[in-house]
Every structure is written in structure tokens, then in C-alpha cells.
Amino acid sequence: MSNGAMPKPEVSDRADAPRHVAIIMDGNGRWAAARGLPRAEGHRRGVEALRKVVRASHELGISYLTIFSFSSENWSRPASEIGDLFGLLRRFIRNDLATLHADGVRVRVIGERGGLESDICALLTEAEELTRNNTRLTLVVAFNYGSRQEIANAAQRLAREVAEGRRDPATITPEVLGSYLDAPDIPDPDLIIRTSGEQRLSNFLMWQAAYSELVFVPIHWPDFDKAALESAIAEYATRERRFGGLVAKNAS
Ligand code: IPE
Ligand code: IPE
Ligand code: MG
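Rendered as C-alpha cells:
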């Protein structure tokens, strides 16, 4: 390779087209309360918003969409609300799986399966298996998911390998630990959106979010639509991603 013939690789990249968008779908309860409706109605309308956002994501050329649908900590809600949320997941998979498949959506699920009712586990597996060869959009459903649990599970598996003499602890690098997480083949999210104004991660993708751009929007999840997604992407496009390096114009 001759000196100076190749353009210098850019150490920063203007972030105009997120490949992976992850969404903390928050505010269903507040949306309902503001209308004098039961929280369950907010969750039901939240599923309608999700359908629209999945469609918008493939129209906008997003390759991976991760949605936070039930957290490890959501078990602390009243049993009736947990029942409503699980019922909606069941109905979403039963009603929408054929359409998702026809639209070329691949479904992946992250989170703890142990402890879930067996019919839910069967539906999650069916969704993953039916859609496994689809390539248009990967929809990652974070269900019974918590980042700390995910990292602790990875640590347990690695510790077991060390205890059984199959691994040297010195080989446990960030790349290796990352490869023991729930969906290691999926790139880290470029953009994480949280609706409803709260500005926290609530145990969502904490490892994978190391260099994600975070966009917080005030609207409640049931009101989130394609226009809202486009405006979050427009905000993302103004950000300068550096990954610890220098901005391109300052790199020499
Ligand atoms: C998001 O809406 C749905 C889940 C967390 C499952 P919330 O139910 O958290 O709604 P708010 O935050 O109470 O408004
Ligand atoms: C995060 O929202 C979990 C999901 C969107 C599934 P929460 O409403 O549970 O988060 P906190 O309790 O406000 O942090
Ligand atoms: Mg909430």
C-alpha cells in the first residue's frame, strides 16, 4: 500500500442512519390515566402503536428494532396488570405473527424464559422459528428482560467454564463476555428512544448502550407513530458519534 494513497479512515461518523433502534415503550398507564381509562386500555393502545412502528421501521430502512415489552422488575406490578400484559403478548403473537412473517420480519426474543408459562414460551419459540430466515427487519422483543440479569447469566456461564477447567480467566475480555449475552450477533443499538419523558434506562441494554445515542421524547407510547420515529431519527442525525476518538475534522 503506497503512503498517502488511501484516504484516512474516519474516526468519527455522522450518525444519520441508525441501523439498530431500541425503544423503551413507556407511558401507557399515563396515557390511559389522562383519559380516565383503565391502564389496560393504555397497554392495548400501546400494541397498536407498536404495529405502526414496526411497519414504519422497515419503511425507514432500519435493520434492527428492539422493543422493551416487559422488564424483570415489572413483576412488582399488580397481578392483574401482569395478566393484562401477558395476555397482550399472547394476542400480539397469535394475531400478528403471520403478517410479520409475510413482511419479512425476523423475530428474536431476549430475556429470561425460565419461569414463564409454557404456552408463552411456546409462542415465543414458534415466532422465532417461523421467521428465522427473514432478512428485511429483525424485531428483537425484550420480554422478562433485565440487563443486570443478562450480564449475571453470562458471568455464571463463564465462571462455570473456568471452574471446570475449560477456560483461562485471562481470556475473559469485553468481546468474550459480550458474546455470552442473549443476542450476541445483533449489533449494539445506535439509537435508544424512551417515550413519556422519563430519562433513565431502567435496566435496558446497559452493556449494549455503551455508545448508543439516547433520545427522550415527552409523548406517551400509545401516541408514538412514524412521524415521532422520524423526528427521533432526525435528532439522532444531529449527534456526533465519537466512540472515544476525535471528530473527523480534528483528526490529523
Ligand atoms: C409501559 O407503560 C409499558 C410497560 C412498562 C410494560 P407503563 O405501564 O410503564 O406506563 P406508565 O409509566 O405507568 O405511564
Ligand atoms: C421500563 O418501563 C420497562 C418497559 C418499558 C417494559 P417502566 O415503566 O417499568 O420503568 P420505570 O419503573 O419507570 O423505571
Ligand atoms: Mg412506566
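Residue numbers (this note's numbering): 543 to 794.
Glycine included, each C-beta is placed from N, C-alpha and C at the ideal position.
Under DSSP, A684 shares a beta bridge with F610 and I652.
By the Cβ-count criterion, D661 is exposed, with fewer than 16 other Cβ atoms from all chains shown falling within 10 Å of its own Cβ. Annotation: L723 is outside any beta strand (DSSP E) and is labelled neither H nor E by DSSP. If you draw a straight line from the Cα of L627 to the Cα of N675, it comes to about 28 Å.
Note that the region 737-755 touches the region 609-628; at least 3 beta-carbon pairs, one per stretch, sit closer than 8 Å.
With respect to the 7 Å criterion, I624 and I735 are not classified as neighbours on the basis of their beta carbons. Where H643 is concerned, the enclosing alpha helix (DSSP H) starts and stops at A621 to A644.
Taking C-beta atoms under 8 Å as the contact rule, H643 and T673 qualify, at a distance of about 5 Å. By the C-beta density criterion, E692 is buried, having at least 16 other C-beta atoms within 10 angstroms. In this structure V563 touches S599 by the C-beta definition: roughly 7 Å separates them, less than 8 Å. With contacts defined by Cβ atoms closer than 7 Å, G653 and A684 form a contacting pair. Assignment of beta-bridge partners to H762 by DSSP yields no partner. The Cβ-Cβ distance between L700 and A669 does not fall below 7 Å. The beta carbon of P726 sits closer than 8 Å to the beta carbons of G720 from its chain, once the five residues preceding and following it are set aside; these are given in chain order.
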